[in-house]
Structures are given as structure tokens and as C-alpha cells.
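As C-alpha cells, the structure follows; a few thoughts come after it.
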Amino acid sequence: MTLRSTAVFDLLAPQTPAVPVQVELRYDTRDPYAVVAAFRTGRAGWVEWVFARDLLADGLIAHAGEGDVSIRPAVDDPEVVAIELSSPSGHAVFEASAQELADFLDRTYDVVVPGNENLWVNVDDALTRLLPHDLS
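For what it's worth, the numbering used here labels the leading residue of the sequence shown as 565, then goes sequentially.
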């Protein structure tokens with residue numbers, strides 16, 4: 565089962581107005597620990613970031629994440645969450661509605677209860693994808 569939700573995040577840049585960016589949030593029970601955020605980059609382009617569902621949950625309450633993705637409540641507005649993405653090719657900061665993110669997260673909890681993710685993981689399938697088929 566895959567849950568999908570669309571939202572608009574504001575891309576923040578120094579000394580310029582925020583730019584609205586279409587985002588599709590996805591949660592798939594085949595990878596119950598992860599959330600995908602797909603950012604619209606143009607007419608047909610999307611950039612996907614995959615991060616832990618727990619990171620999203622923690623970031624709604626306090627600063628969470630070290631590395632490529634960090635999420636935190638905005639300093640000046642408790643109804644806004646800042647999402648910071650870093651990669652070798654760039655760095656971006658977005659602001660999003662805390663309520664929209666919390667609603668999406670609640671929908672994922674309705675499907676896979678936190679702490680029960682392991683019940684949804686097919687270990688044999690995961691190992692088949694990770695290991696080479698020819699072990700000789």
C-alpha cells in the first residue's frame with residue numbers, strides 16, 4: 565500500500581522572496597521505515613529525497629537529523645517546519661506546514677503502527693536485492 569499527499573513547500577533563499585515548490589509525500593508499506601519527498605523541479609522533473617519516518621516525527625517537535633536531512637520547528641512560527649537538505653550538488657531550506665506534515669504522518673501511523681515496522685519487512689526479499697545473484 566502506498567499513501568500519497570501533495571503539498572507546497574516554500575524554498576527559502578537569501579535576499580529573495582520564497583519560491584513555492586510542489587512536493588509529493590509518499591509512504592510505502594514495502595519500506596515502512598521511510599518517507600519519500602519528491603520535489604517538482606520543472607515541467608517534468610522531480611528530485612526525490614528518502615528519509616526516516618521517525619526523523620519527520622521528531623522534527624515536528626524539535627531539531628532532528630544530522631547530515632543530509634534535518635527537520636525542525638521554525639524559530640518564529642510554531643505552525644511551520646523547516647526542512648534542510650544537503651548534498652554534494654547543493655543545499656536547500658524549505659518551510660512547510662507543520663499541520664500538513666503531521667496529518668500525513670498520522671495517516672502513515674494508521675497503516676503501520678510505530679514500532680511495528682519490522683512486521684512489514686520481507687527479509688528474504690531485501691537480502692535478494694542486496695546480495696549478488698551469483699555467489700560462486
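Glycine included, each C-beta is placed from N, C-alpha and C at the ideal position.
Start and end residues, alpha helix (DSSP H) containing residue i
i	result
G654	From DSSP, G654 is part of no alpha helix (DSSP H) but of the beta strand (DSSP E) over G654 to S661.
L620	R617 to G623
Reference residue i; option with closest CA among the options
i	options	result
L575	I647, V676, D667 and A608	I647
A660	S653, Q579, E630 and F603	F603
Y591	P584, A582, A601 and V583	A601
L669	G609, G631, L589 and A608	L589
G679	G606, A577, R568 and P596	P596
P652	F658, G631, D667 and D641	G631
Within 8 Å, strictly: CB atoms of residue i and residue j
i	j	result
V677	T593	no
V645	R636	yes
V633	L649	yes
T549	Q586	Outside the displayed span of the chain (565 to 700) sits residue 549, for which this structure offers no information.
V614	A598	yes
L619	L665	no
T692	R617	no
P581	V572	no
L624	A656	no
Sheet register partners of residue i (DSSP bridge)
i	result
Y591	L567
F603	V587 and V611
A628	I635
V572	Q586
A598	A616
Limits of the unbroken beta strand (DSSP E) element including residue i
i	result
E648	V644 to S651
P637	V633 to P637
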